[in-house]
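Asker: Quick one: the structure is below, and I'll ask about it shortly.
2 protein chains.
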Amino acid sequence: MAEKKGSSAKGGKRAGGDKRERILQAAIRVFAKNGFYATRVSEIAKAAGVADGTIYLYFENKDDVLVQIFEDRIGKLLEILRRVIAKEETVEARIRRIVELQLGLLEEERDLAEVITVNLRQSSRLLKQYAAPLFTKYLELIAGVIADGQKEGVLRRDVSPRIAARSLWGALDGLALTWALGTPERKPDPATLRKAATQFATLFLDGLRARD
Amino acid sequence: MAEKKGSSAKGGKRAGGDKRERILQAAIRVFAKNGFYATRVSEIAKAAGVADGTIYLYFENKDDVLVQIFEDRIGKLLEILRRVIAKEETVEARIRRIVELQLGLLEEERDLAEVITVNLRQSSRLLKQYAAPLFTKYLELIAGVIADGQKEGVLRRDVSPRIAARSLWGALDGLALTWALGTPERKPDPATLRKAATQFATLFLDGLRARD
DNA sequence: GTGGACTGAATGACGGTTCACTCGTGGACT
DNA sequence: AGTCCACGAGTGAACCGTCATTCAGTCCAC
């Protein structure tokens with residue numbers, strides 16, 4: 100309504116790509132707030148400043164909106180993670196970065212984190228089909244780091260990298276859930292977050308380090 | 100239809116309590132299979148061998164069925180956990196038992212585990228109101244064990260018991276999720292499960308043990 | 001003036017909930 | 001003992017509100 104249109108230079112034609120993005124952002128916000136099933140398509144539309152029908156120009160249906168959020172965002176996250184891991188020298192540093200990144204996401208993009216944490220589990224059909232493969236990639240990335248550490252002799256070899264990776268992810272997810280559910284509105288205090296991240300990373304690393 | 104009625108001795112009058120239980124069990128089964136939102140009330144009814152309307156004699160509405168599952172079952176789980184913890188002598192043994200119990204639940208009552216793991220996150224309204232308090236109790240129980248360990252000097256003191264407890268729960272939940280989602284039908288292989296439990300418990304304990 | 005992005009009211013399906021009815025039971029009365 | 005009746009648990013077809021989705025029309029940009 101009181102919305103300015105195309106805003107800058109060229110005008111509106113190429114606004115298409117922009118609309119899609121606006122809808123995605125709005126959907127993340129609303130899904131985070133109310134959950135997938137309790138969210139009305141019309142709410143997403145309103146939040147995006149778009150007509151109900153417009154959503155169907157960019158997405159097949161409501162499910163597809165959730166799917167696209169995963170495809171788009173988790174893809175990017177994986178990219179960032181890969182780059183960050185490549186940059187660090189030691190296994191320990193890499194794992195600490197993973198922890199920081201996953202919990203940091205909560206600070207930066209709280210809504211996205213909540214959508215991932217909470218909605219990852221909602222529709223099993225959806226989940227298994229789209230989210231699970233990406234999720235698996237994420238886990239394999241972590242498992243890879245751990246396996247490398249084992250080969251280097253830095254990490255103990257009597258724990259399966261996969262199990263360790265899953266535990267790591269689960270623990271971080273569990274910590275995230277606390278804040279996602281705890282404070283309805285406010286961002287979790289970054290200091291608390293950082294403290295938790297550090298403590299947990301230490302705990303995990305000490306458990307995983309090769310005994311001397 | 101082809102259902103035998105009151106079956107044994109007395110007849111049917113006190114069958115009421117029985118019906119409620121039948122509905123709960125059926126609901127756990129169906130919720131586990133399809134998730135809360137995708138489940139039709141009529142499906143629960145069919146699975147329980149009961150008319151649609153009967154469900155409303157025992158539960159306020161569909162939401163209430165889920166709520167009652169939590170109240171009923173998690174209550175019992177807490178009870179068991181408390182008893183088990185009391186019986187063990189050392190902190191290490193207690194933590195190992197917690198791990199075994201939570202992963203063991205997956206083996207024994209796969210559907211319930213799935214409902215808890217997956218549906219715990221579905222309706223945030225529902226979740227915050229009913230499940231969260233019970234969940235908090237569970238976490239506090241674990242945190243208590245860890246705090247005791249710290250007081251005894253067995254566990255390191257530089258990690259908050261709460262954070263450790265959350266991590267522990269999250270990791271176990273993450274491991275459970277693997278199997279809950281992985282094999283659609285079959286129970287996870289008990290041996291795999293046990294291996295994972297042991298490995299993780301060792302990992303966690305070694306991380307948490309007081310350094311010498 | 002035309003094409004196409006966009007709109008939003010109308011549509012239809014779906015499914016939770018209701019409620020008028022059925023029927024077995026156990027107590028009261030003969 | 002045999003009959004009868006009131007009760008209420010149980011039933012399930014119908015109801016009705018709630019959306020996801022559609023599509024006939026509007027409005028720019030060129």
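Chains as they are written, first to last, in this note's numbering: chain A, 100 to 311; chain B, 100 to 311. For each residue, glycine too, the CB sits at the ideal point set by N, CA and C. Since we're looking at a predicted model, the values are computed, not measured.
Please work out which residues of its chain come closer than 8 Å, Cβ to Cβ, to Val253/A, disregarding the five sequence neighbours upstream and downstream, and give them in chain order.
Answerer: Same-chain partners within the cutoff: Thr189, Val190, Glu191, Arg308 and Ala309.
Asker: Comparing C-alpha positions only, which one of Leu180/B, Glu159/B, Leu302/B and Ala144/B sits nearest to Leu233/B?
Answerer: Comparing Cα positions, the closest option is Leu180/B.
Asker: Cα separation between Val217/A and Arg193/B?
Answerer: Between Val217/A and Arg193/B, the C-alpha separation is close to 30 Å.
Asker: Suppose the cutoff is 7 Å on Cβ atoms and the five residues either side in sequence are ignored; what does the same chain contact list for Ala131/B look like?
Answerer: Closer than 7 Å at Cβ, skipping near neighbours: Asp210, Glu213 and Val214.
Asker: Quick one: is Asp272/A buried, meaning 16 or more other Cβ sit within 10 Å of its Cβ, or exposed?
Answerer: With 16 or more other Cβ atoms within 10 Å, it is buried.
Asker: To be precise: take each residue of the segment 295-309 of chain B, compare its Cβ to all Cβ atoms of chain A, and keep it if any distance is under 7 Å. Which residues remain?
Answerer: Listed by position, the residues of the segment 295-309 of chain B near chain A (Cβ gap below 7 Å) are Ala295, Gln298, Phe299, Leu302, Phe303, Asp305, Gly306 and Leu307.
Asker: Would the segment 232-248 of chain A and the segment 289-296 of chain A be scored as touching if the rule is three or more Cβ pairs under 8 Å?
Answerer: At 8 Å Cβ cutoff, the stretches do not touch.
Asker: Note down, in chain order, each residue of its chain lying with its Cβ closer than 8 Å to the Cβ of Gly243/B, except the 5 sequence neighbours on either side.
Answerer: So the list reads Pro260, once near-sequence residues are dropped.
Asker: Within 10 angstroms of the Cβ of Arg220/A, are there 16 or more other Cβ atoms? Answer buried if so, exposed if not.
Answerer: The residue in question, Arg220/A, is buried, as its Cβ has 16 or more Cβ neighbours within 10 Å.
Asker: Please classify Ala150/B as buried or exposed, where buried requires at least 16 neighbouring CB atoms within 10 angstroms.
Answerer: So Ala150/B ends up on the exposed side.
Asker: Between which residues of its own chain and Asp247/A is the CB-CB distance below 7 Å, once the five residues before and five after are set aside?
Answerer: Closer than 7 Å at the Cβ level, and outside the excluded window around Asp247/A, lie Val190.
Asker: Do Tyr157/B and Ile122/B have their beta-carbon atoms positioned less than 9 Å apart in this structure?
Answerer: Contact flag set, yes.
Asker: Which of the residues in the segment 133-152 of chain A, read from start to end, lie with their CB under 9 Å from any CB of chain B?
Answerer: Those residues of the segment 133-152 of chain A that come within reach of chain B (Cβ to Cβ, closer than 9 Å) are Asn133, Gly134, Phe135, Tyr136 and Ala137.
Asker: Is the beta carbon of Ala275/A closer than 9 Å to that of Leu202/A?
Answerer: A contact, by the Cβ cut-off of 9 Å.
Asker: When you compare the CB positions of Thr277/A and Val258/B, do they come within less than 9 Å of one another, or not?
Answerer: Going by C-beta atoms, Thr277/A is not nearer than 9 Å to Val258/B.
Asker: Assuming contact is defined by CB atoms lying nearer than 9 Å, are Val166/A and Ile154/A in contact in what I supplied?
Answerer: Contact flag unset, no.
Asker: Are Ala296/A and Val198/A touching if we call contact CB-CB under 9 Å?
Answerer: Cβ distance < 9 Å, so Ala296/A and Val198/A count as in contact.
Asker: Quick one: residues in its chain with C-beta nearer than 6 Å to the C-beta of Gln249/A, no 5 flanking neighbours on either side, listed in chain order?
Answerer: Answer for Gln249/A: Arg256, listed in chain order.
Asker: Below 9 Å between beta carbons: does that hold for Leu304/B and Arg195/B?
Answerer: Yes. Within cutoff.
Asker: Should Glu185/A be labelled buried (16 or more other beta-carbon atoms within 10 Å of its own) or exposed?
Answerer: In the sequence under discussion, the amino acid at residue 185/A is Ala, which differs from the Glu named in the question. Answer is exposed; the Cβ neighbour count stays below 16.
Asker: Assuming Phe169/B and Ala230/B make a contact with CB atoms under 8 Å, what is their CB distance in whole Å?
Answerer: Rounded, the Cβ-Cβ distance is 5 Å, consistent with contact.
Asker: At least one CB of chain B closer than 9 Å to the CB of Ile241/A: is that the case?
Answerer: Cβ-Cβ to chain B under 9 Å: no for Ile241/A.
Asker: DSSP state of Arg310/B, grouped into three classes?
Answerer: It is coil, neither helix nor strand.
Asker: Three-state secondary structure (DSSP) at Leu292/B?
Answerer: It is helical.
Asker: Looking at the C-beta of Ala270/A, does it have a partner C-beta in chain B at a distance below 9 Å?
Answerer: For Ala270/A, the answer is yes, since a Cβ of chain B falls inside 9 Å of its Cβ.
Asker: When you compare the CB of Asn218/B with every CB in chain A, is at least one pair closer than 9 Å?
Answerer: Taking Cβ atoms only, chain A reaches closer than 9 Å to Asn218/B, which makes this a yes.
Asker: Rounded to the nearest angstrom, what separates Lys118/B and Glu159/B at their Cα positions?
Answerer: Each residue's alpha carbon lies about 15 Å from the other.
Asker: Could you tell me which residues DSSP puts in a beta bridge with Leu254/A?
Answerer: Paired residue(s): Arg308/A.
Asker: Is there a Cβ from chain B that is less than 9 Å from the Cβ of Asp163/A?
Answerer: Taking Cβ atoms only, chain B never reaches closer than 9 Å to Asp163/A, which makes this a no.
Asker: Note down, in chain order, each residue of its chain lying with its Cβ closer than 8 Å to the Cβ of Arg265/A, except the 5 sequence neighbours on either side.
Answerer: For Arg265/A, where only same-chain residues beyond five positions count, the Cβ hits under 8 Å are Leu238.
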